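Each residue of the sequence shown is one higher than the one before, counting from 1 in UniProt numbering. Reviewing the structure listed below.
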Amino acid sequence: MMDILDGLLQEEKAAVAADPRSYSNYYVAGLDAGYTKLMKYFDLTAKTPYYRAAICLVPSFKLLYFKDKWRSHEIWVDTVEPDVRQLYNEYATKYSITEPASPPQQTEQPQQTPELGRFKLHRRLDRSVDVDSNSDRRKRRRMVDEFERYLYDEDVVEPFVEEPLTWWREREKSYPILTQMAFDLFSIPAMSAECERVFSQSKRLITDERNRLGSATIEANECLKNWLRRGHEQRRLRDMLAG
1 MMDILDGLLQ EEKAAVAADP RSYSNYYVAG LDAGYTKLMK YFDLTAKTPY YRAAICLVPS
61 FKLLYFKDKW RSHEIWVDTV EPDVRQLYNE YATKYSITEP ASPPQQTEQP QQTPELGRFK
121 LHRRLDRSVD VDSNSDRRKR RRMVDEFERY LYDEDVVEPF VEEPLTWWRE REKSYPILTQ
181 MAFDLFSIPA MSAECERVFS QSKRLITDER NRLGSATIEA NECLKNWLRR GHEQRRLRDM
241 LAG
């Protein structure tokens with residue numbers, strides 16, 4: 001999302017530079033303020049590896065996304081793989097999973113359907129994130145673990161993946177550590193508004209007669225209520241009956 005906003009702001013700044021008389025001083029000031037605010041939050045993402053790791057774990061992007069989108073900031077690009085590697089090592093130590101000896105098996109991707117919306121269009125246009133720069137995929141090298149196999153194995157090349165979580169679920173046996181990383185990272189909400197909305201609804205549960213409910217009970221109740229509203233439990237029940 002930040003790269004989308006950055007692209008939009010850069011387009012507007014270029015338009016202002018090309019024809020400054022067509023834009024008011026208020027608009028230009030707002031544009032500058034917006035870009036400054038975006039850079040503030042973008043800098044915050046560099047304090048943890050999670051933002052970069054989440055993008056890297058999208059099979060269609062991997063490291064090519066950064067090489068294409070951050071091509072004017074080579075220093076940023078150089079830090080991506082070491083940061084994600086460090087997070088991977090932490091997961092490997094935590095879960096103590098033995099690396100599989102056999103390479104991952106390719107599974108057929110379902111037919112993709114057309115999408116609408118600026119964000120989804122951005123994702124679809126990034127299918128081939130600067131295909132000419134994918135020489136890394138063709139480098140012959142010894143794959144020492146599943147992290148390197150995922151990044152550099154010629155057999156793990158995906159032009160476009162609509163549902164990254166589904167992709168990882170289908171390859172959990174080949175990539176147990178990376179799959180766990182994907183499940184954890186992709187479950188992080190993009191923003192806190194929905195979480196705060198769910199939290200605010202808990203006041204309806206805690207009344208004078210129910211003032212000694214434990215935090216675990218309140219959490220479980222709010223989660224179940226939210227899942228039921230979203231239809232998650234109904235789908236799970238249908239899957240159980242179908243299985």
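Glycine included, C-beta positions come from ideal geometry on N, C-alpha and C. The model shown is predicted, which means the values in this text are computed figures rather than measured ones.
So, at 6 Å on beta carbons, what are the nonlocal neighbours of residue i in its own chain, with the 5 sequence-adjacent residues on each side left out?
| i | result |
| --- | --- |
| Phe119 | In this prediction, Phe119 scores a pLDDT of 47, lower than 50, which makes its location untrustworthy; the coordinate-derived value is nonetheless stated afterwards. Correct list: empty, nothing qualifies. |
| Ala242 | none |
| Ala182 | Leu57, Trp168 |
| Leu165 | Phe186 |
Find the nearest neighbour of residue i within the set the options, judged by alpha-carbon distance.
| i | options | result |
| --- | --- | --- |
| Thr79 | Ala18, Phe66, Leu178, Ile218 | Phe66 |
| Asp145 | His73, Pro59, Pro176 | Pro176 |
| Ser60 | Glu163, Ala15, Asn89, Asp184 | Glu163 |
| Lys13 | Asp184, Asp32, Asn226 | Asp32 |
| Trp227 | Val198, Lys69, Glu90, Ala15 | Val198 |
| Leu5 | Pro20, Tyr23, Thr36 | Thr36 |
| Lys47 | Tyr23, Trp76, Cys223 | Trp76 |
| Ala92 | Asp184, Leu178, Asp83 | Leu178 |
| Glu196 | Glu222, Glu209, Ser215 | Glu222 |
| Gly7 | Pro159, Asp19, Leu38, Ala29 | Leu38 |
Could you check how far apart the C-beta atoms of residue i and residue j are, in whole angstroms? I think they sit under 8 Å.
| i | j | result |
| --- | --- | --- |
| Phe147 | Arg52 | At roughly 14 Å, the Cβ-Cβ gap does not stay under 8 Å, so Phe147 and Arg52 are not in contact. |
| Leu151 | Leu63 | 6 Å |
| Lys69 | Asp3 | 5 Å |
Can you list, in chain order, the residues of its chain with a C-beta nearer than 8 Å to that of residue i? Leave out the 5 residues immediately preceding and following it.
| i | result |
| --- | --- |
| Ile218 | Ser202, Leu205, Ile206 |
| Glu11 | none |
| Ala190 | Met1 |
| Leu87 | Pro49, Tyr50, Ala53, Met181 |
| Asn25 | none |
| Ile55 | Phe61, Tyr65, Phe66 |
To which residues of the same chain is residue i closer than 7 Å at the C-beta, ignoring the five residues directly before and after it?
| i | result |
| --- | --- |
| Gly34 | Leu9 |
- Contained alpha helix (DSSP H) runs [length at least 4] in the UniProt domain "HAT C-terminal dimerisation" (146–228), N- to C-terminal order: When DSSP assignments are scanned along the UniProt domain "HAT C-terminal dimerisation" (146–228), the uninterrupted stretches of alpha helix (DSSP H) that are 4 or more residues long and fall wholly within it turn out to be 146–152, 164–170, 176–186, 193–200.
- Residue ranges of each alpha helix (DSSP H) run of no fewer than 4 residues wholly in the stretch 37–76, ordered along the chain? List check, alpha helix (DSSP H) in window: 50–56, 64–69.
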